[in-house]
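Below is one structure, written out as structure tokens; comments come after it.
2 protein chains.
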Amino acid sequence: MKFCPSCGAATEIRVPAGDTRLRAICTRCETIHYVNPKMVLGTIPIWQDQVLLCRRAIEPRLGMWTLPAGFMEVGESTADGAMRETLEEAGARVALGPLFSVFDIPHVDQVHLFYLAELRDLNFAAGPESLEVQLFHERDIPWNTIAFRTVTATLRFYFHDRSTGVMSVHTGDIREVQLPHESQPHLDQPR
Amino acid sequence: MKFCPSCGAATEIRVPAGDTRLRAICTRCETIHYVNPKMVLGTIPIWQDQVLLCRRAIEPRLGMWTLPAGFMEVGESTADGAMRETLEEAGARVALGPLFSVFDIPHVDQVHLFYLAELRDLNFAAGPESLEVQLFHERDIPWNTIAFRTVTATLRFYFHDRSTGVMSVHTGDIREVQLPHESQPHLDQPR
Chain H
1 MKFCPSCGAA TEIRVPAGDT RLRAICTRCE TIHYVNPKMV LGTIPIWQDQ
51 VLLCRRAIEP RLGMWTLPAG FMEVGESTAD GAMRETLEEA GARVALGPLF
101 SVFDIPHVDQ VHLFYLAELR DLNFAAGPES LEVQLFHERD IPWNTIAFRT
151 VTATLRFYFH DRSTGVMSVH TGDIREVQLP HESQPHLDQP R
Chain E
192 MKFCPSCGAA TEIRVPAGDT RLRAICTRCE TIHYVNPKMV LGTIPIWQDQ
242 VLLCRRAIEP RLGMWTLPAG FMEVGESTAD GAMRETLEEA GARVALGPLF
292 SVFDIPHVDQ VHLFYLAELR DLNFAAGPES LEVQLFHERD IPWNTIAFRT
342 VTATLRFYFH DRSTGVMSVH TGDIREVQLP HESQPHLDQP R
């Protein structure tokens with residue numbers, strides 16, 4: 001942040017009085033501008049024993065598969081946002097279930113939240129940010145072309161929990177999280 | 192946001208191509224500036240059957256009691272941030288437990304997350320943003336002077352879960368959430 005969003009003057013980067021971190025501070029109006037991580041909200045849309053995935057029409061990871069998800073907007077709750085993204089990206093109306101996963105990705109300053117959800121009908125369709133949307137059985141999930149590690153993690157935990165019959169809330173740092181049915185500790189490699 | 196943080200030129204408020212919401216867009220460099228909700232992270236610091244609360248030394252709600260909590264910073268995970276705030280506000284070192292509550296407060300564009308935590312020792316002390324910090328038994332919690340409704344909700348759910356012996360993750364919109372042991376549906380009135 002080089003310029004003050006409030007008055008347009010140049011900012012300087014220094015630690016404000018009473019603080020311990022470098023902030024952008026306006027050299028004219030002295031406003032301190034804080035920068036905070038962003039939330040990404042999504043759903044795991046279920047129809048019987050299948051999960052709805054979207055193939056991305058935009059960068060990053062154009063052409064790869066993902067759960068419907070996107071940045072939280074002002075004025076909405078996490079549940080509102082998860083349903084909105086599911087409608088926008090997959091054209092899908094869902095009955096929202098409980099919170100399922102909360103993953104930190106500190107190196108990109110994001111927190112990803114996914115809710116369980118049941119499709120209300122099969123009238124889904126790719127939105128402008130998706131090339132196609134499709135229901136997948138567990139055996140057909142395109143693990144090698146999943147766009148984001150938080151989506152891989154959420155899907156792995158979902159199928160694990162479904163096999164045990166106990167759904168719980170999964171949390172962790174995506175650098176460290178150990179997925180069910182996975183031997184390698186790092187998630188950087190596509191699987 | 193009246194001025195572009197990237198180049199300092201005036202912004203205009205309009206819906207960008209392919210979007211559906213009003214955004215601040217730079218009239219010179221055309222950067223679109225998104226505004227997103229912020230996360231507040233905190234802990235429920237436990238010592239045997241007592242909970243550690245902080246009395247606020249700053250506005251808003253100066254003089255009222257709260258769980259240690261504050262805004263998430265860039266470069267940290269939600270767990271990191273919850274422990275950092277507990278150290279900063281209460282001088283308390285904790286062993287972090289599982290995620291306990293996630294509450295949306297859409298009218299102020301915040302999401303509050305609280306983790307269960309066990310105090311490592313009794314060497315806690317008020318930080319610069321606290322007037323005092325104190326351990327409370329359930330019967331002594333100052334319900335009428337709790338600073339924030341998400342803290343009231345988190346404490347109510349904590350004591351409820353402790354009484355049943357089953358800790359779970361609690362979520363909801365703070366406008367709508369129904370607390371255990373509470374007859375009134377609205378949380379606006381201090382209790």
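Chains as they are written, first to last, in the numbering used here: chain H, 1 to 191; chain E, 192 to 382. Note that beta-carbon positions come from the ideal geometry of N, C-alpha and C, so glycine has one too.
Asked, Found
"Helix, strand or coil at E76/H according to DSSP, with G and I counted as helix", "coil"
"Residue-chain proximity (F262/E, chain H), Cβ-Cβ < 8 Å", "yes"
"Contact check, H33/H vs M1/H, beta carbons under 8 Å", "yes"
"Limits of the alpha helix (DSSP H) - the one that H158/E falls within", "Outside the displayed span of chain E (192 to 382) sits residue 158/E, for which this structure offers no information."
"Straight-line gap, K229/E to G75/H (C-alpha atoms, nearest Å)", "11 Å"
"Contact set for H303/E: own chain, Cβ-Cβ below 6 Å, skip 5 residues either direction", "V231, F294, T341"
"Reduced DSSP category for L213/E - H, G, I as helix; E, B as strand; rest coil", "coil"
"Chain H contact for Y225/E (CB, 8 Å cutoff)", "yes"
"Beta-carbon separation (whole angstroms), F124/H vs A90/H, contact threshold 8 Å", "5 Å"
"Near the ligand MG: E320/E beta-carbon under 7 Å from a heavy atom", "Of ligands this structure carries none, so the ligand MG is not represented either."
"Cβ of M274/E within 8 Å of any chain H Cβ", "no"
"C-beta neighbour in chain E for L99/H, strict 8 Å", "yes"
"Euclidean distance between Cα positions of A215/E and A79/H", "25 Å"
"Touching by the beta-carbon criterion (3+ pairs, under 8 Å), the segment 136 to 150 of chain H and the segment 62 to 70 of chain H", "yes"
"Neighbour-count burial assignment, S292/E, 16 or more Cβ in a 10 Å radius", "buried"
"Beta carbon proximity, F220/H to chain E, threshold 8 Å", "Absent from the model: residue 220/H. The displayed extent of chain H is 1 to 191, so no value can be given."
"Ranges of the alpha helix (DSSP H) found wholly within the segment 33 to 105 of chain H, counting only runs of at least 4", "78 to 90"
"L161/H: first and last residue of the uninterrupted alpha helix (DSSP H) it sits in", "It is Asp, not Leu, that sits at residue 161/H in the sequence shown. Taken as a continuous stretch (DSSP letters only), the alpha helix (DSSP H) holding D161/H covers 149 to 164."
"Straight-line gap, F350/E to F327/E (C-alpha atoms, nearest Å)", "12 Å"
"Where T11/H sits in the DSSP three-state scheme", "strand"
"Contacting residues, own chain, Cβ-Cβ under 8 Å from I13/H (five flanking each side not counted)", "L22, R23, A24, I25"
"8 Å Cβ cutoff, G254/E in contact with chain H", "no"
"Three-state secondary structure assigned by DSSP to D121/H", "coil"
"Any chain H beta carbon closer than 8 Å to P196/E", "yes"
"Which residues DSSP lists as bridging S130/H, in chain order", "R56/H"
"Beta-carbon proximity of C245/E to V324/E, cut-off 8 Å", "yes"
"Rounded C-alpha distance that separates I174/H from T31/H", "34 Å"
"Any C-beta of chain E under 8 Å from that of T154/H", "no"
"Pairwise C-alpha distance: R139/H and E320/E", "53 Å"
"Selection from A17/H, C29/H, T20/H that minimises the alpha carbon distance to S6/H", "C29/H"
"Proximity test, Cβ basis, 8 Å: D352/E and chain H", "no"
"Close beta carbons around A117/H, own chain, < 8 Å, minus the five adjacent residues each side", "T43, I44, P45, I46, A82, M83, T86, V94, A95, L96, G97"
"Sub-8 Å separation of L169/E and A283/E beta-carbons", "Residue 169/E lies beyond the stretch modelled for chain E, which goes from 192 to 382, so this question has no answer here."
"CB contact below 8 Å: G209/E versus chain H", "yes"
"C-beta atoms of P106/H and S268/E nearer than 8 Å", "yes"
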